[in-house]
Each structure stands twice: as structure tokens, then as C-alpha cells.
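For the sequence shown, the UniProt record's numbering assigns the number 1 to the initial residue and increments by one for each residue that follows. Don't be surprised by glycine CBs; every beta carbon is placed ideally from N, CA and C. A quick note: this is a predicted structure, and the numbers were derived from the prediction, not measured. The structure appears right after this line, and notes come after that.
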Amino acid sequence: MNDGRALTACGAQRRTDLLDAAVSLVASGGSGSLTHRAVAAAAEVSLASVTYHFPSIEDLRRSMFERALQVVDDRLTATAATGPPSELPGLAADYVLALVTEHRDAAAAVQEMIVAAAHDPALRPTFHAYHERLADRLAPCVGGRTAGLAVAATLQGLVLTALAHPDLEPEVFHGAVLDLVDRLRVAP
1 MNDGRALTAC GAQRRTDLLD AAVSLVASGG SGSLTHRAVA AAAEVSLASV
51 TYHFPSIEDL RRSMFERALQ VVDDRLTATA ATGPPSELPG LAADYVLALV
101 TEHRDAAAAV QEMIVAAAHD PALRPTFHAY HERLADRLAP CVGGRTAGLA
151 VAATLQGLVL TALAHPDLEP EVFHGAVLDL VDRLRVAP
């Protein structure tokens, strides 16, 4: 929003709907497809509504990236709550599989924006914050922060690979992630 006023409940919902439309656009057409006009068309709202909430393309890109990461991070939190850290391999496999099946648009948008962050320094802090949260969750089970960062990067690579395989067999993929993370785990 461009003037600092607090959003009403309706305004907050509109903003979320716009961001969800933006996530879908990026998931289907890549980061280059994200424009104010494209979001307005996808969300079936006026261009003015989009520019009210996101005055610049940089605001729209960053906010869309944050929204996609929120979906991914919420899935991480939900998955982590289903078992103790000792069950990390299974939890990690469940998490990665859920991203590429249940939350495919958000996962694809995140991957697109990670690549965009390589060329756009304004997007890097958003990605780094998420990557560090994931690494911090993994660190106790894989031997510390440095290993957590490496395993987090590995999981991102697995997500990217799975997104590029539309005929992915969920059970095979789940088993591969389970095996990999189990090999990386440090015994308590």
C-alpha cells in the first residue's frame, strides 16, 4: 500500500487474493510474466486496485515472493509439528512431497524467484531469511548450522528437480528424499 494506512479486513483479503493471483502467474509463466496488468487480469480487478496495494513492480515482486514463501513456510511448520526431530528424514520427505503436490504453485513461484534473486539484489534478503529458517530447523539433526544450510539447499534442489518432472511418482520421490536425508542425518 502506498500511503501507510492500515488495511481493513476486506482490503487485507483483496491484497492476499492479488498475491495469490500473482503466485499462480509466476508458477505458470515464470517471473517475467509478473506485471500489474497481468495480476489485475488474473484476479479480475482493476489495474488501480493492484497499483494501490503494490505501487511499483518491485513491491509486487517482493510481496509475491513473500506470499509464496509464507505458503511454503506454513507447510514446513505444519509438517514439523507432526513428529519429533528424530523423525527428520520422514518429515523432510513429507514436506518436500507436499510442496510439489499440494503447494505446487507456491513451490514453483519460490523457485522462479530464487533464480530472479540471483539478478535482483532486492529479492535476496527475502530468500536468505527463508533459507536460514529452514536451515535452523534442520541444524540440530544434521550436525549444525553449516550442514543445515547445505541440507536446506539440497531440499530446494530436490523441489526444483521434482517440479521439472510432471510425471513424478510420489512414492518413488518420497523414498528418494527419505533416503537422502537419512544419510545426511547426524545421530543424536
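- Annotation for V151: L138, V142 and L184 place their beta carbon closer than 6 Å to its own, counting only its chain and skipping 5 residues before and after.
- Secondary structure at V45: coil, using DSSP grouped into helix, strand and coil.
- For A147, the enclosing alpha helix (DSSP H) has its first and last residue at R145 to L163.
- Judged by DSSP secondary structure, P84 falls outside any alpha helix (DSSP H); it is assigned neither H nor E.
- For S24, the enclosing alpha helix (DSSP H) starts and ends at A9 to G29.
- In this structure T77 is exposed. Its beta-carbon is surrounded by fewer than 16 other beta-carbon atoms within 10 angstroms.
- Excluding sequence positions up to five before and after Q111, its CB lies within less than 8 Å of the CB of Q156, V159, L160 and L163, all in the same chain and listed in chain order.
- In this chain, the alpha helix (DSSP H) harbouring G90 covers L88 to T101.
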